[in-house]
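Engineer: Structure below; questions to follow.
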Amino acid sequence: MKLKGLFMLAIFAFTLVLPRPAAAAQILVNGQELNAVTVIEKGTTLVPLRAIFQSLGATVDWDNETRTVTAVKGDIILKLQVGSQTAYRNGQPLNLLVPGKVIQGSTMVPLRFVSEALDAKVNWDSSGIITITSPSQSFDGKVNIVPVKRVVNSDPLYEAILAGLEEVKDSAVFDLDNKYQYDVKKVEDISKQVLEDHPDLSYINFVEVKIKTGPVTRAEIKYDYSFPTEKVKEMIKAVEAKSREIINEVIKPSMSDLEKEKALHDYVVLNTAFDYINYKNNTIPKESYSAYGVLIKGVGVCQGYASAMHKLLNMAGVEAKFITGTGKVENRSEPHGWNLVKINGQWYHLDTTWDDPAPDRPGKVSYKYFNLTDSEMRKDHSWE
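The sequence shown maps to residues -24 to -1, 1 to 360 in mature numbering (1 follows the signal peptide of the UniProt record, and there is no 0).
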């Protein structure tokens, strides 16, 4: 019998992905994202010299009179005059595919030039993510690990609830202008959205928010955690450390996003057992609903599987969301959760839980629910 996992309480999750400008690309320098715009000219990608070189540890100076950039890192001295197709590294010429130029106040140079100038390792994968690593980090065989971004929201209540979860607070209080109106439904929706956007913080039963009016509107927030707060802090740290360990173990810098996804999918399936007995007896422990249960304990249900995959994929630089809906089990629908993964610019469904046989069969991996389209997934899944 094929099993589809359950959800605990009303905790759902998916990650909002903020749109990028048309001319932008994601640039990771030594694992840290650089907010920079790229330009395509004559088939050559141009990137901002100063921002990248400084991120690689070089000092950069600009001579406005001669329109020359001088960069220094260790024993490397680099000079580039804007408009010239030749730069000089320690006096030796380096040819550029197209001349450096100033665009919107930034000196832009060909991406390949970064590698030649500072001995950096440059890779641009099929999803458009540019990774640049300095020489000291280029040969350790480890992939760049990307910190999972927190979704930014302009709503002060959203931000207050999120900050409390990140710091594992028992409670929080903040004041609002009385012009900002809340009702019970809006408070519930905001609390749910915070948990949907940040599944790795879902060690919580519920968030209670009380609104008090007066000279100012005051929101009092109380967090009801599934575990003692000190244990929650330890669980979050353990998942972070284990995620890094897994990525360094199974991901190689040369991998495409698809290869990364498969490697992480296979790791989770091979190292996790669906919590079959507790599922059948309706006695699933709270840990099984979390990334902690899957990555640390090696046991989980769908929420745990999808939370773990969401964290691993995003940390490995693969865009992923957590989606909730229902799955059909023996002609009945159950609450269920899985992932959306962006591969080569397209979103696909990934249900790692259903690719893991239950009861557990060591060494067995299925790919029946690996990167399905919407129409394929709707055969036995539903979602809004």
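By construction, the Cβ of each residue, glycine as well, lies at the ideal position given by its N, Cα and C atoms.
1. DSSP has isoleucine 319 in a bridge; who is on the other side?
2. Which residues in the same chain as asparagine 129 place their Cβ atom closer than 7 Å to its Cβ, once the five residues preceding and following it in sequence are excluded?
3. Which ranges would you report for the alpha helix (DSSP H) in the region 3 to 73 if only whole runs of at least 4 residues count?
4. According to DSSP, is methionine 285 part of a helix, a strand, or is it coil?
5. In terms of alpha-carbon separation, which member of Lys273, Thr46, Gly303 lies closest to histidine 357?
6. Could you tell me the alpha carbon to alpha carbon distance between glutamate 143 and glutamate 206, rounded to whole angstroms?
7. Can you tell me where the beta strand (DSSP E) with alanine 195 in it begins and where it stops?
8. Per DSSP, which one or two residues make a beta bridge with leucine 348?
9. Nearest to asparagine 307 by alpha carbon, out of Tyr199, Gln279, Lys355?
10. Please classify glutamate 184 as buried or exposed, where buried requires at least 16 other C-beta atoms within 10 Å of its C-beta.
11. Quick one: Cα of glutamine 113 to Cα of asparagine 6, how far?
12. Pull up the distance between the alpha-carbon of methionine 353 and that of aspartate 331, whole angstroms please.
13. Please list, in chain order, all residues of the same chain as tyrosine 324 whose beta carbon is under 6 Å from its beta carbon, the five residues on each side excluded.
14. Under three-state DSSP, which class holds methionine 84?
15. Can you name, in chain order, every residue of its own chain whose Cβ lies under 6 Å from the Cβ of valine 149, other than the five neighbours on each side?
16. Would you list the one or two residues that DSSP bridges to aspartate 151?
17. Tell me the rounded alpha-carbon separation between glycine -20 and valine 226.
18. I need the straight-line Cα distance from proline 335 to alanine 249, nearest angstrom please.
19. Any chance the region 254 to 264 sits against the region 236 to 243, with 3 or more Cβ pairs inside 8 Å?
20. Buried or exposed for alanine -3, going by 16 or more other Cβ atoms inside 10 Å?
21. When we look at the beta-carbon of lysine 340 and count the other beta-carbons within 10 Å, is it buried (16 or more) or exposed?
22. How is alanine 249 classed by DSSP in three states: helix, strand or coil?
23. Exposed or buried, isoleucine 223, counting other C-beta atoms within 10 Å across all chains shown (16 or more means buried)?
24. Does DSSP put proline 175 in a helix, in a strand, or in coil?
Structural biologist: On the basis of the data shown:
1. On the sequence shown, position 343 is the one that residue 319 refers to. BP columns for isoleucine 319 point to Gln322.
2. Residue 129 sits at position 153 when you count from the first residue of the sequence shown. Hits under 7 Å: Glu135.
3. 25 to 31
4. Mapped onto the sequence shown, residue 285 falls at position 309. In this structure, methionine 285 counts as helix in the three-state DSSP scheme.
5. The residue given as residue 357 occupies position 381 in the sequence shown. Here the closest residue by C-alpha is Gly303.
6. The sequence position of residue 143 within the sequence shown is 167, counting from 1. The sequence position of residue 206 within the sequence shown is 230, counting from 1. Rounded to whole angstroms, glutamate 143 to glutamate 206 spans 11 Å at the Cα level.
7. Taking the sequence shown and counting its residues from 1, one reaches residue 195 at position 219. First-last of the beta strand (DSSP E) with alanine 195: 193 to 201.
8. Numbered from its first residue, the sequence shown carries residue 348 at position 372. Its beta-bridge partners are His325.
9. One-based indexing of the sequence shown puts residue 307 at position 331. Considering only alpha carbons, the answer is Lys355.
10. For the purposes of this step, residue 184 is taken as the residue at position 208 of the sequence shown. Flag for glutamate 184 reads exposed.
11. Walking along the sequence shown from the start, residue 113 turns up at place 137. Walking along the sequence shown from the start, residue 6 turns up at place 30. Unreliable positioning characterises glutamine 113 in this predicted model, as indicated by a pLDDT of 43, which lies under 50. The coordinate reading is nonetheless provided below. Whole-angstrom Cα-Cα distance: 7 Å.
12. Stepping through the sequence shown from its first residue, residue 353 is reached at position 377. Stepping through the sequence shown from its first residue, residue 331 is reached at position 355. In a straight line, the C-alpha of methionine 353 is about 13 Å away from that of aspartate 331.
13. Here the question's residue 324 lines up with position 348 in the sequence shown. Answer for tyrosine 324: Val317, Asn347, listed in chain order.
14. For the purposes of this step, residue 84 is taken as residue 108 along the sequence shown, with counting starting at 1. Of the three classes helix, strand and coil, the one that applies to methionine 84 here is strand, per DSSP.
15. Residue 149 sits at position 173 when you count from the first residue of the sequence shown. These residues qualify, in order along the chain: Glu196.
16. As a first step, residue 151 is located in the sequence shown; it is residue number 175 there, counting from the start. Note: aspartate 151 sits in a beta bridge opposite Arg194.
17. Along the sequence shown, read from residue 1 onward, the residue named residue -20 stands at position 5. Along the sequence shown, read from residue 1 onward, the residue named residue 226 stands at position 250. Since pLDDT at glycine -20 reaches only 45, below the 50 mark, its modelled position is unreliable, and no value is offered.
18. Residue 335 sits at position 359 when you count from the first residue of the sequence shown. Residue 249 sits at position 273 when you count from the first residue of the sequence shown. Each residue's alpha carbon lies about 8 Å from the other.
19. no
20. By one-based count along the sequence shown, residue -3 stands at place 22. Per-residue confidence for alanine -3 stands at a pLDDT of 33, beneath the threshold of 50, marking its modelled position as unreliable; the derived number appears in the next sentence. Classification for alanine -3: exposed.
21. Residue 340 sits at position 364 when you count from the first residue of the sequence shown. Under this definition lysine 340 is an exposed residue.
22. Translated into positions along the sequence shown, residue 249 becomes position 273. In the structure shown, alanine 249 sits in a strand (DSSP, three-state: E or B).
23. Taking the sequence shown and counting its residues from 1, one reaches residue 223 at position 247. Isoleucine 223 is buried by the Cβ-count criterion.
24. Reading the sequence shown from its first residue, position 199 is the one you call residue 175. The answer is helix: DSSP assigns proline 175 an H, G or I state.
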